[in-house]
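*Asks:* The structure follows.
In the numbering used here, the protein residues as written are 7 to 261.
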């Protein structure tokens, strides 16, 4: 039987793997007796060390959740950890941009500033790429094709219905620049982008969208276990209650 001491040791090992030489730096709340031990057991052993989802994928979900709820000091710390475990700077940037579709691009702007400061401290540069020159018609066409691939018939239902006279004032822009532009940017593959969506919608408590992307995750090849773990990974950063509600909402999809 696992003991709490064993969990603490496992958690401290994961903390060191993520944060390297900064693993022993004081955490916020460190002055509270027993808080570090609590974090080691419940977060770094109990969540980060779970099987079922690769460590880089857990980091994708973590960054997405932190952007969604705008925990910028923690985001900075975890951008450092993301680099430590091998995520590329462009991949990190794309996670922060992807969540802007769901949490607002102002959230992405602030998150990108945080990440840029970390990259500068590490002497990391990201090669410039040419701006997209695809026409709006092209964005609309490939956005709708991606909608079909991810969501099937549900991609044209509810607020996504092309005949909806109210949401139709906004949704075409979401198709063009969300599905047609951002999902096609280099640096983050489709599977990782779906993980961003699942984690982001969990953190934002948007259960309707989460259900939609829970099925989309299966459609692009994630396993039931990986979807469940993507939701669980958000719990330390945006709350256990939202994660539990998200898992309950996904119950029918993941049975």
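Glycine included, each C-beta is placed from N, C-alpha and C at the ideal position. Treat the numbers as computed from the prediction; the structure is a model and nothing was measured.
Pull up the distance between the alpha-carbon of residue 9 and that of residue 64, whole angstroms please.
*Replies:* Cα to Cα, residue 9 sits roughly 24 Å from residue 64.
*Asks:* Out of 110, 261, 122, 166, point me to the one whose CA is closest to residue 210's CA.
*Replies:* 110
*Asks:* If I measure Cβ to Cβ from residue 78 and keep anything under 6 Å in the same chain, skipping five residues before and after, which residues do I get?
*Replies:* Within the same chain, residue 78 has close Cβ partners 120.
*Asks:* Would residue 95 pass as a contact of residue 44 if the rule is Cβ separation under 7 Å?
*Replies:* no
*Asks:* Name the residue from 182, 159, 172, 205 whose alpha carbon lies nearest to the alpha carbon of residue 146.
*Replies:* 182
*Asks:* From residue 166 to residue 155, what distance separates their C-alpha atoms?
*Replies:* 14 Å
*Asks:* Taking the continuous alpha helix (DSSP H) assigned at residue 169, which residues delimit it?
*Replies:* Premise fails: residue 169 is in no alpha helix (DSSP H) and is neither H nor E.
*Asks:* Report all residues from its chain with a CB closer than 6 Å to the CB of residue 24; omit the five preceding and five following residues, and keep chain order.
*Replies:* 87
*Asks:* Measuring straight from C-alpha to C-alpha, what distance separates residue 153 and residue 137?
*Replies:* 23 Å
*Asks:* Do you know whose CA, among 84, 39, 47, lies nearest residue 61's CA?
*Replies:* 84
*Asks:* Can you tell me which of the three DSSP states residue 233 falls into?
*Replies:* Residue state, collapsed to three classes: helix.
*Asks:* Can you list, in chain order, the residues of its chain whose CB lies under 6 Å from that of residue 237, leaving out five sequence neighbours each side?
*Replies:* Result list for residue 237: 208, 249, 252, 253, in chain order.
*Asks:* Between 199, 186, 168, which lies nearest to residue 142 when the distance is taken from Cα to Cα?
*Replies:* 186
*Asks:* Taking the alpha-carbon positions, what's the residue 241 to residue 58 distance?
*Replies:* 16 Å
*Asks:* Label residue 135 either buried or exposed according to how many other C-beta atoms from any shown protein chain fall within 10 Å of its C-beta, with 16 as the threshold for buried.
*Replies:* exposed
*Asks:* Note down the Cα distance separating residue 128 from residue 122, rounded to an integer number of angstroms.
*Replies:* 10 Å
*Asks:* With a threshold of 16 other CB atoms inside 10 Å of the CB of residue 222, please say whether the residue is buried or exposed.
*Replies:* It is buried - the Cβ of residue 222 has at least 16 other Cβ atoms within 10 Å.
*Asks:* Between which two residues does the alpha helix (DSSP H) harbouring residue 73 extend?
*Replies:* 61–74
*Asks:* Is the distance from the Cβ of residue 203 to the Cβ of residue 190 below 7 Å?
*Replies:* no
*Asks:* Run the proximity test for residue 97: is its beta-carbon closer than 6 Å to any non-hydrogen atom belonging to the ligand FAD?
*Replies:* The ligand FAD is not part of the structure shown, which contains no ligands of any sort.
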